[in-house]
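Read through the structure below, which is laid out as structure tokens, and then see the notes.
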Amino acid sequence: MSSVSSNIHPVFERILGREEKQNFLNQHSRVIWMTGLSGSGKTTLAIGLERRLNELGFLTQILDGDNIRTGINNNLGFSVEDRTENIRRIAEVSKLFIDCGVICINCFVSPTKDIRDKAKEIIGKEDFVEVYINADYELCEKRDVKGLYKKARNGEIKNFTGLDSPFDIPECPDAEIKTGEQSVEESVETLLNKILPHIKK
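Under the working numbering, the very last position in the sequence shown is 181; numbers go up by exactly one each time.
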């Protein structure tokens, strides 16, 4: 045993448990993992979903890619290795939230199946609700809400998902929202109805 690990003394068994916190909040804590291309609508739908859940009395926390990268993950780039570490840290943070009984709504491109599977492994399959925000590259490029697609086309951004870095379409997501076929309001309501069975006590 290393000298570092010998100085670590977890107290998990003495901390108030997740079940007690879920009972207090009257909800099942889950991680709603929203994956999709940049500009597909992940953050917009997460904000709308959070507002609707708040109206219904649920306690939530949004974790968004840009916000996370300005803080806890501000030392990571966009290589495959850094993307993997980005998601690993997010999954560990998410696990802390669900241990507190909180519903965690995550908005991350999380482009490969391997990356998403790693997150699911850390969080736990039963607590991981995968939502595919389905908007194809052409639609997202047309929206280009952050100006990223233009920069990627001009070579200013390398390893851009969908252009020179892969995106693996989820094979069996728990929910799929096609944002090119519905208004934001319709998409939020569709998503809400898909999520409620996972979080209702």
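Glycine residues also receive a C-beta, built at the ideal position from the N, C-alpha and C atoms.
CB of Lys181 within 9 Å of CB of Asn34, strictly: Cβ atoms of Lys181 and Asn34: not closer than 9 Å.
For Glu118 and Arg133, the rounded distance between their alpha carbons: One C-alpha to the other measures close to 13 Å.
Cβ pair count under 8 Å reaching 3, the region 92 to 109 against the region 134 to 153: The region 92 to 109 makes contact with the region 134 to 153: 3 or more CB pairs, one atom from each, lie closer than 8 Å.
Glu61 versus Asp44, Lys98 and Ser74, residue with shortest Cα-Cα distance: Cα-wise, what sits closest to Glu61 is Lys98.
Buried versus exposed call for Phe4 [16 or more other C-beta atoms within 10 Å across all chains shown]: Burial check for Phe4: the Cβ neighbour count within 10 Å stays below 16, so the residue is exposed.
Residues near Ile137 in its chain [Cβ-Cβ closer than 7 Å; skip 5 each side]: Leu128 and Lys131.
Leu5: CB within 8 Å of a non-hydrogen atom of the ligand FAD: In the structure on display, the ligand FAD does not appear, and there are no ligands present to speak of.
Among Tyr112, Gly135, Pro153 and Glu161, nearest to Thr23 - alpha-carbon criterion: Comparing Cα positions, the closest option is Tyr112.
Where Gln162 falls: helix, strand or coil (DSSP): Coil, per DSSP.
Inter-residue spacing [alpha-carbon to alpha-carbon] between Ile179 and Ile83: Between Ile179 and Ile83, the C-alpha separation is close to 8 Å.
Sequence-distant residues of its chain with Cβ nearer than 8 Å to Thr41 (five each side left out): In the sequence on display, residue 41 carries Gln and not Thr. Cβ within range, chain order: Phe77, Val82, Ile83, Cys84 and Ile85.
Start and end residues, alpha helix (DSSP H) containing Asn66: In the DSSP assignment, Asn66 falls within the unbroken alpha helix (DSSP H) covering Val60 to Asp79.
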